[in-house]
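Peer 1: Under this note's numbering, the first residue of the sequence shown is numbered 32, with each subsequent residue one higher.
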Amino acid sequence: MPCLVSCVFGGDSDDDYGTGLLQVGTVAPDFFIYTDDFPDGFALSSLRGKNVVLEFWASWCPDCQEATADMVDLYQSFGWDDMLFVGFSFDTDKDEWQSYIKDNEMDWIQCCELTPWKDSKVATAYNVKWIPTFYLIDKDGIVVFATVDISEMREELLNY
32 MPCLVSCVFG
42 GDSDDDYGTG
52 LLQVGTVAPD
62 FFIYTDDFPD
72 GFALSSLRGK
82 NVVLEFWASW
92 CPDCQEATAD
102 MVDLYQSFGW
112 DDMLFVGFSF
122 DTDKDEWQSY
132 IKDNEMDWIQ
142 CCELTPWKDS
152 KVATAYNVKW
162 IPTFYLIDKD
172 GIVVFATVDI
182 SEMREELLNY
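As structure tokens, this is what we get:
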């Protein structure tokens, strides 16, 4: 039960798990955020022309921690010129967030508002009620796949 308390926000029951994500064919909501790597700002739409795997996660989430090694493997297997990876964290402590990224060699683009999950407009736009949550966005900025299961994302990438 601690994982559900830590990693679920807004779901009413186990039957809701993984439901309500953006529909395939939806234009991926744009977001703009400032990070240490992008001090002038970063917009998701700036990645048009590339496929994007977008992961919503947090360093304090047990399910996210469990998925980290698989996410690193996905990045190493599928992160090529036209397939970019973007992590969007719901951490509120910058040092913990950056330490987790460094310690786990999460070498892809990482964003964080340093805002609680329930207050994140990006979480609302993507209807993120569970973490981790994964989206595959095509070169035109359209959602082509959405899941809360990293093994399903792997299968989708293998067939993409």
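Every residue, glycine too, gets a C-beta built ideally from N, C-alpha and C. What you are looking at is a predicted structure, and each value in this text was computed from that prediction instead of being measured.
Buried or exposed for proline 70, going by 16 or more other Cβ atoms inside 10 Å?
Peer 2: Answer is exposed; the Cβ neighbour count stays below 16.
Peer 1: Classify valine 36 as helix, strand or coil using the three-state DSSP reduction.
Peer 2: Residue placement at valine 36 is poorly supported in this model, since its pLDDT is 29, which falls under 50; the coordinates are not used for a value here.
Peer 1: Between the Cα of tryptophan 87 and those of Tyr191, Ile173, Glu187, Lys160, spot the shortest distance and give me the residue it belongs to.
Peer 2: This sequence places phenylalanine at residue 87; tryptophan is not what is there. Answer by Cα proximity: Lys160.
Peer 1: Please report the residue range of the alpha helix (DSSP H) in which serine 151 lies.
Peer 2: Looking at the DSSP string, serine 151 is not in any alpha helix (DSSP H), and its letter there is neither H nor E.
Peer 1: Just mark tyrosine 166 as buried or exposed, buried being the case when its beta carbon has 16 or more other beta carbons within 10 Å.
Peer 2: Buried, since its Cβ has 16 or more Cβ neighbours within 10 Å.
Peer 1: Which residue's Cα is closest to the Cα of serine 76: Asp124, Ile168, Asp122, Asp101?
Peer 2: Among Asp124, Ile168, Asp122, Asp101, the Cα nearest to that of serine 76 belongs to Ile168.
Peer 1: Suppose you measure from the CA of valine 55 to the CA of valine 83; what does that come to, to the nearest Å?
Peer 2: If you take the alpha carbons of valine 55 and valine 83, they lie about 14 Å apart.
Peer 1: Identify, in the order they occur along the chain, each residue of the same chain with its Cβ nearer than 6 Å to the Cβ of leucine 35, setting aside the five sequence neighbours on each side.
Peer 2: Residue confidence for leucine 35 is low, a pLDDT of 30 falling below 50, so the modelled location carries little weight and cannot support an answer.
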